[in-house]
Amino acid sequence: MTSGPYNYSYIFKYIIIGDMGVGKSCLLHQFTDKKFMADCPHTIGVEFGTRIIEVAGQKIKLQIWDTAGQERFRAVTRSYYRGAAGALMVYDITRRSTYNHLSSWLTDTRNLTNPSTVIFLIGNKSDLDAQRDVTYEEAKQFADENGLMFVEASAKTGQNVEEAFLETAKKIYQSIQDGRLDLNAAESGVQHKPASPGRPLAAPPSSRDNCAC
Amino acid sequence: MEDVLDEIVSSEDLQKFERVFHEQLHQGNVSHKAQFEYAWCLVRSKYPTDIRKGILLLKELFNSHPEGKRDYLFYLAIGNARIKEYNKALHYVKSFLEIEPANQQVLALERQINKRMEKEGLIGMAVAGGAVLALGGLVGLGIALASKK
Ligand SMILES: Nc1nc2c(ncn2[C@@H]2O[C@H](COP(=O)(O)OP(=O)(O)O)[C@@H](O)[C@H]2O)c(=O)[nH]1
Ligand SMILES: [Mg+2]
Chain A
1 MTSGPYNYSY IFKYIIIGDM GVGKSCLLHQ FTDKKFMADC PHTIGVEFGT RIIEVAGQKI
61 KLQIWDTAGQ ERFRAVTRSY YRGAAGALMV YDITRRSTYN HLSSWLTDTR NLTNPSTVIF
121 LIGNKSDLDA QRDVTYEEAK QFADENGLMF VEASAKTGQN VEEAFLETAK KIYQSIQDGR
181 LDLNAAESGV QHKPASPGRP LAAPPSSRDN CAC
Chain B
1 MEDVLDEIVS SEDLQKFERV FHEQLHQGNV SHKAQFEYAW CLVRSKYPTD IRKGILLLKE
61 LFNSHPEGKR DYLFYLAIGN ARIKEYNKAL HYVKSFLEIE PANQQVLALE RQINKRMEKE
121 GLIGMAVAGG AVLALGGLVG LGIALASKK
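Sequence order for the protein chains is A and B.
Numbering of the first sequence is given in UniProt numbering, commencing with residue 1 and proceeding in unit increments.
Numbering of the second sequence is given in UniProt numbering, commencing with residue 1 and proceeding in unit increments.
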């Protein structure tokens, strides 16, 4: 890259949360590898994935933490909420219990993240419409009432998976532009990577400016 | 941060889970959960002594609580990799993959460990070591052949 040591200008931290088995890890792999894993084993603790995307001409690196849904991991996975710029909250449209637990996931998210964190609700497994247990309208209303963005998606077919990750990034980027998200706050979940090495931030001009390091 | 091996636990978290563990220890009854949570934080510490302590706690759990084996194996691999005990780390990865050969999370960890070994020149050394052994083998064979005459 000619623009500096990084080939992206921002890092956004995401978390993926929700009950066990709703398809969090499959969503992550569909997004990072464009693959569906039919027999995905249970996640141990947290799984990490990255992908570079583009929003408004800016390259952004997404650092995604996929958390295990089981209770025995809950206490430690909570610490990953801190400093998340985006939270993807997932339920399974064929299992009502996973939808009923959303309010508890949402409470955790609100308590542990900051007000500028973008929360995106995903109703996963939309390919299994015949086994549907939660209507689109009902979930949409829940999302609207709580100020969440919302889509139904399928980690299996890939439907709406890109959209969910990208729309979250666009919303975060918008918050930066509007000044609602403070880049200097330690836990904003966003890091800015100044791309031009010739203009170090707030550093007096010196001979080191010409150094290619 | 590029992968899970770079991740460092916050000192607040480490202290929080340490407190719970020590309280239970004091009462003479440590739960698997408290020990695992503390060990999971320890192996993500930036201090090798913490990581080693986490490894000991995980080994103890591994031997006493079979239901949690896959979790313990995974974090034993992470802890060892973080103190550059790569061969031990790979040993735990292999044990895990014998049970779940297609586990993406563990295959990714294996790739990261190999990447680090390569970066630190350890793969090259292993290869060179292998070549020396092979050469030794040939010489041995030569001697064996020679003595047959
Ligand atoms: N039909 C269908 N199955 C899915 C979908 N997403 C995940 N699954 C399956 O649901 C199960 C649980 O998925 P997983 O990603 O491990 O869930 P997690 O516990 O939330 O990480 C696996 O057997 C997946 O193959 C989907 O969109 N459609
Ligand atoms: Mg998972």
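Cβ coordinates follow ideal geometry from the N, Cα and C atoms, glycine included.
Residue i CB to nearest chain B CB: under 8 Å?
i      : result
A:G45  : yes
A:A75  : yes
A:H29  : yes
A:N210 : Residue confidence is low: A:N210 scores 40 on pLDDT, short of 50, so the model does not pin down where it sits. No coordinate-derived value is stated.
A:R51  : no
A:P115 : no
A:M20  : no
A:S79  : yes
A:S206 : No answer about A:S206 holds up, because its pLDDT of 41 lies below 50 and its placement is not dependable.
A:M149 : no
A:F142 : no
A:M1   : Confidence at A:M1 is low in this model, with a pLDDT of 39, below 50, so its placement is unreliable and the value that follows should be read with caution. So, not an interface residue.
A:R72  : yes
A:F120 : no
A:G198 : Interpretation of A:G198 is limited by its pLDDT of 42, a score under 50 that renders its predicted location unreliable; the figure taken from the coordinates is listed afterwards. Cβ-Cβ to chain B under 8 Å: no for A:G198.
A:F48  : yes
A:M37  : yes
Would you grab the beta carbon distance between residue i and residue j for me? Rounded to a whole angstrom, and I think it's under 8 Å.
i      : j      : result
B:A81  : B:R116 : 7 Å
A:S154 : A:D127 : 4 Å
A:T117 : A:A85  : 6 Å
A:F31  : A:V161 : 6 Å
B:C41  : A:V76  : 7 Å
A:G83  : A:K13  : 6 Å
A:L112 : A:R78  : 6 Å
A:D144 : A:Y91  : With 8 Å as the limit, A:D144 and A:Y91 do not qualify as a contact, their Cβ atoms being about 16 Å apart.
A:F48  : B:D3   : 6 Å
B:G79  : B:L58  : 7 Å
B:L61  : B:Y86  : That pair is no contact at about 22 Å.
Let me make sure I understand the geometry here. Which of the options has the alpha-carbon closest to that of residue i?
i      : options                        : result
A:L88  : A:E187, A:L128, A:G23          : A:G23
B:L97  : B:G121, B:D71, B:E85, B:E118   : B:D71
A:G147 : A:P115, A:E163, A:Q177         : A:P115
A:T50  : A:K156, A:Q70, A:S25, A:Q131   : A:S25
A:D129 : A:A164, A:Y80, A:E152          : A:E152
A:A56  : A:L183, A:D92, A:I172          : A:I172
A:I176 : A:R95, A:Y99, A:H192, A:L62    : A:H192
A:T43  : A:K35, A:Q58, A:F73            : A:F73
B:A39  : B:V30, B:G28, B:S31, B:I51     : B:I51
B:S10  : A:A143, A:Q159, A:R180, A:Y80  : A:Y80
A:G21  : A:I52, A:D66, A:F48, A:K61     : A:D66
B:H32  : B:L122, B:A102, B:P66          : B:P66
A:E187 : A:K140, A:Y6, A:I11            : A:I11
B:S118 : B:H91, B:K84, B:K46, B:R19     : Checking the sequence, you will find Glu at residue 118 of chain B rather than Ser. If we check each option's Cα against that of B:E118, B:K84 comes out closest.
A:P41  : A:I52, A:K34, A:H29            : A:H29
B:K46  : B:D6, B:E110, B:P101           : B:D6
A:T109 : A:I16, A:D178, A:G45           : A:I16
A:T168 : A:D39, A:Q63, A:F36            : A:Q63
A:S9   : A:A38, A:E47, A:I60            : A:I60
A:K34  : A:Q159, A:G179, A:K170         : A:Q159
A:I52  : A:D39, A:Y6, A:M37, A:N184     : A:Y6
A:E137 : A:F36, A:I93, A:A185, A:N184   : A:I93
B:K53  : B:G68, B:F36, B:S64, B:K69     : B:F36
A:L102 : A:E163, A:F150, A:Q131, A:K156 : A:F150
A:Q141 : A:F165, A:A185, A:L121, A:A164 : A:L121
A:F165 : A:W105, A:L181, A:I119, A:N100 : A:I119
So, is the C-beta of residue i closer than 8 Å to a C-beta in chain A?
i      : result
B:E23  : no
B:L141 : Residue placement at B:L141 cannot be trusted, given a pLDDT of 47 that sits under 50; the coordinates are not used to answer.
B:K53  : no
B:R116 : no
B:K148 : Only weak support is given to the placement of B:K148: the predicted model assigns it a pLDDT of 45, under 50, and the value that follows is read from those uncertain coordinates. So, not an interface residue.
B:R19  : no
B:V43  : no
B:Q104 : yes
B:F74  : yes
B:E37  : yes
B:V4   : yes
B:E100 : yes
B:K88  : no
B:D71  : yes
B:D50  : no
B:S31  : no
B:S64  : no
B:S95  : no
B:S11  : no
I want to check one thing, is the minimum distance from the CB of residue i to the heavy atoms of ligand 4 below 7 Å?
i      : result
A:A155 : In the structure on display, ligand 4 does not appear, and the ligands it does have are ligand 1 and ligand 2.
Exercise. Kindly provide the ranges of any beta strand (DSSP E) runs that are 3 or more residues long and lie completely inside the stretch 78-128 of chain A, ordered along the chain.
Key: 86-92, 118-124
Practice problem: Please specify which runs of the beta strand (DSSP E), each continuous and at least 3 residues long, are wholly inside the stretch 16-87 of chain A, giving them in chain order. | Solution: 46-55, 58-67
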